[in-house]
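If you read the sequence shown in the working numbering, its first letter stands for residue 1, the second for the next number, and so on. Where is the CB? At the ideal position from N, CA and C, for every residue including glycine. Inspection log for the structure reproduced underneath, given as structure tokens.
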Amino acid sequence: MSLSRRTIIKGAAGTATAGAIALNGKASSVFAAPNIIRRQAPVELNFWYGFTGVLGDRMADLINRFNETNGQGITVTGLAQANYGETAQNLTLSLQDGTNPDMALLAEIWWFRFYLAQQLLPLNDLISARSFPIDDVVDSFRYEGVRKGTQYWLPLARSTPLVYYNTDMWSAAGYDTFPATWSEVAAAAPSLNNEDQQVVAFALPPATDYLSWPFHGVVWAHGGAYSDDDFTIRITEPGAVAAGELYRRGIQEGWMYNADSQVNDFSSGFAAMMIGSTGTLAEMRTLTAETGIKWNTAFLPGEVPGINETCPTGGAGVSIMANIPPERQEAAFTFIEFFSSYPEVIAWAQGTGYMPTLKSAIAGPEMEEFFVANPTSRTAVDQLATRTKPQDVARAYIPGGDQIISEGISEILINGTESQVVFQAVAERLTAEAATVVEQVIALEGDLTSGVATPPAATPTA
1 MSLSRRTIIK GAAGTATAGA IALNGKASSV FAAPNIIRRQ APVELNFWYG
51 FTGVLGDRMA DLINRFNETN GQGITVTGLA QANYGETAQN LTLSLQDGTN
101 PDMALLAEIW WFRFYLAQQL LPLNDLISAR SFPIDDVVDS FRYEGVRKGT
151 QYWLPLARST PLVYYNTDMW SAAGYDTFPA TWSEVAAAAP SLNNEDQQVV
201 AFALPPATDY LSWPFHGVVW AHGGAYSDDD FTIRITEPGA VAAGELYRRG
251 IQEGWMYNAD SQVNDFSSGF AAMMIGSTGT LAEMRTLTAE TGIKWNTAFL
301 PGEVPGINET CPTGGAGVSI MANIPPERQE AAFTFIEFFS SYPEVIAWAQ
351 GTGYMPTLKS AIAGPEMEEF FVANPTSRTA VDQLATRTKP QDVARAYIPG
401 GDQIISEGIS EILINGTESQ VVFQAVAERL TAEAATVVEQ VIALEGDLTS
451 GVATPPAATP TA
């Protein structure tokens, strides 16, 4: 069962911030839950998530399948929020007055704040007791939810940014495959503009959107970073500044713009490329089937030779709230087991475009067949294997870090301000906002870096 809005939260959703979290405060016919569950009465769980539209429909489908097949008397009631941010804001409020859900889908830039507030249930005991196949979870997605050896966040809607490009337009410009570097993109892009057809080469998200997520890969490609793991801010260094100047040049030369909807513009043939989430793949296939636009996907470009990790991970995972009774914790984990099962991982990935979160699913015959029919999705999996890494803490862990960096990028794009000037101001804001987080991390973990979990290293490719 899925609801559209929570009536107990009235008017405050837009004003709360996660910084206000109080520290005290295709499936089988019957899903076989583990024998650990022994309950007499039915259990109804509340689950909050930030999806509407097509993604909301797919989430409702998943919840309904669980309710119909778990065979344990567990019912999940889903509450659709407008987006990830609203989910986090409402969760903050609900934790303060005890009206919180049992579990929530938290974005990669939100879950850590609830971890610091000690509001998330450590999952290691349940993982062990249930023989949950944790070693089958894609390493990068698994370890991003671990602190000090303990799992707090398990993947569901995980993604990476991906280049979407119009194959006819790029072929006409002399490229049968997408350029491998940002320098090549910048050299080719002006020739892709077509004033008569109102085509601009590169559609960016709206200035108010998550600009700092795809830009993260541009910064890494140029040898820069937003920060180090110890919260040292590095956005004023040459690599990040060079990335900012690339964007400023794109606007000044007219081959880059902020679209009201880059998905609509690209799928309608008004943009030759965009960088979007893998979670957009299913929607893009539907839209372009209607418009007839021919397109493909590509890795995010590199720039500095030898730097292969040019793509950040993203998306969201599920956490269970620590303040719910043990029997509800166990029931909530049963839902996590369900959406993490092989058939459900495949159904979710194929239906949404989000990444398969199990290694066995990626290598299995169902996804192999799907990749043959939908090579645009294989690009995402191949990129994940060799070109991605977790986001810098300045965006992922500093409260408002995404917004602060995105506002700086908007200043460059809208007002043409030099990147060095903009990023100096951004660095000062990030440093100020990091102070409280640094104190919290040290208090909880003892230092700033030992809590970081490192997945097995990927084998880089050229």
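- In the three-state reduction of the DSSP assignment, Asn64 falls in the helix class.
- Taken in chain order, the complete alpha helix (DSSP H) segments of 4 or more residues contained in the stretch 125-179 are 139-143, 167-172.
- The beta carbon of Ser267 lies closer than 7 Å to those of Met284, Leu287, Thr288, Thr291, Ile293 in the same chain, with the five residues before and after it left out.
- Each residue's CA atom was taken as its position, placing Trp111 and Ala104 some 9 Å apart.
- The beta carbon of Leu126 lies closer than 8 Å to those of Phe132, Gln329, Glu330, Phe333 in the same chain, with the five residues before and after it left out.
- DSSP assignment within the stretch 338-412 yields the following whole alpha helix (DSSP H) runs of 4 residues or more, N-terminal first: 342-352, 359-363, 365-373, 375-387, 393-396.
- Ile414 counts as exposed, since fewer than 16 other C-beta atoms from the protein chains shown sit within 10 angstroms of its C-beta.
- Every beta strand (DSSP E) stretch that sits fully inside the stretch 42-94 and reaches 3 residues is listed by chain position as 43-49, 74-80.
- DSSP places Ser277 in the uninterrupted beta strand (DSSP E) bounded by 271-277.
- Taking a contact to require three or more Cβ pairs closer than 8 Å, the stretch 70-78 and the stretch 45-59 qualify as touching.
- Restricting attention to Val137, Val304, Leu430, Phe66, the CA atom closest to the CA of Phe231 is found in Leu430.
- The three-state reading of DSSP puts Ile235 in coil, since its state is none of H, G, I, E or B.
- Counted as a single uninterrupted DSSP element, the stretch harbouring Asn258 is not any alpha helix (DSSP H) but the beta strand (DSSP E) occupying residues 256-258.
- Leaving aside the five residues that flank Glu445 on each side, the residues in its chain whose CB is nearer than 8 Å to its CB run, in chain order, Arg147, Lys148, Gly451.
- Ile320 has Met103 as its beta-bridge partners, per DSSP.
- With three or more CB-CB distances shorter than 8 Å, the stretch 162-176 counts as touching the stretch 192-203.
- Where Ala298 is concerned, the enclosing beta strand (DSSP E) starts and stops at 295-298.
- Nearest C-alpha to Val138 among Asp265, Val426, Ile398, Leu384: Leu384.
- A residue is called buried when at least 16 other Cβ atoms come within 10 angstroms of its Cβ; Ile442 does not meet this threshold and is exposed.
- Assignment of Leu204 by DSSP, reduced to helix, strand and coil, places it in the strand class.
- Secondary structure note for Ser183: its alpha helix (DSSP H) is the uninterrupted segment 182-188.
- For Ser191, the CB contacts under 7 Å within the same chain, skipping 5 residues up- and downstream, are Ala173 in chain order.
- Put simply, the backbone Cα of Ala129 is about 42 Å away from that of Ala432.
- Excluding the 5 residues flanking it on each side, Ala157 has same chain C-beta neighbours closer than 6 Å at Gly315, Ala316, Tyr354, in chain order.
- In chain order, Val241, Gly244, Glu245, Arg248, Ile412 place their CB closer than 7 Å to the CB of Ser419, counting only its own chain and leaving out the 5 sequence neighbours on each side.
- Around the Cβ of Thr436, a 10 Å sphere holds fewer than 16 other Cβ atoms; the residue is exposed.
- For Pro214, the uninterrupted alpha helix (DSSP H) run begins and ends at 212-221, by DSSP.
- With contacts defined as CB atoms closer than 7 Å, Thr379 and Ser140 fail to qualify as a contacting pair.
- The C-beta separation of Gln89 from Leu123 comes to about 24 Å, leaving the pair out of contact by the 8 Å criterion.
- The C-beta distance from Tyr257 to Leu204 rounds to 7 Å, short enough to meet the 8 Å contact threshold.
- In this model, Thr388 and Ala271 are separated by some 26 Å (Cα to Cα).
- Rounded to the nearest whole angstrom, the C-alpha separation of Val393 and Ala453 is 13 Å.
- The C-beta of Thr208 has fewer than 16 other C-beta atoms within 10 Å across all chains shown, which makes the residue exposed.
- Phe423 and Arg58 have their C-alpha atoms roughly 39 Å apart.
- With respect to the 7 Å criterion, Gly217 and Cys311 are classified as neighbours on the basis of their beta carbons.
- In this structure, Ile320 sits near Leu121, with a CB-CB distance shorter than 7 Å.
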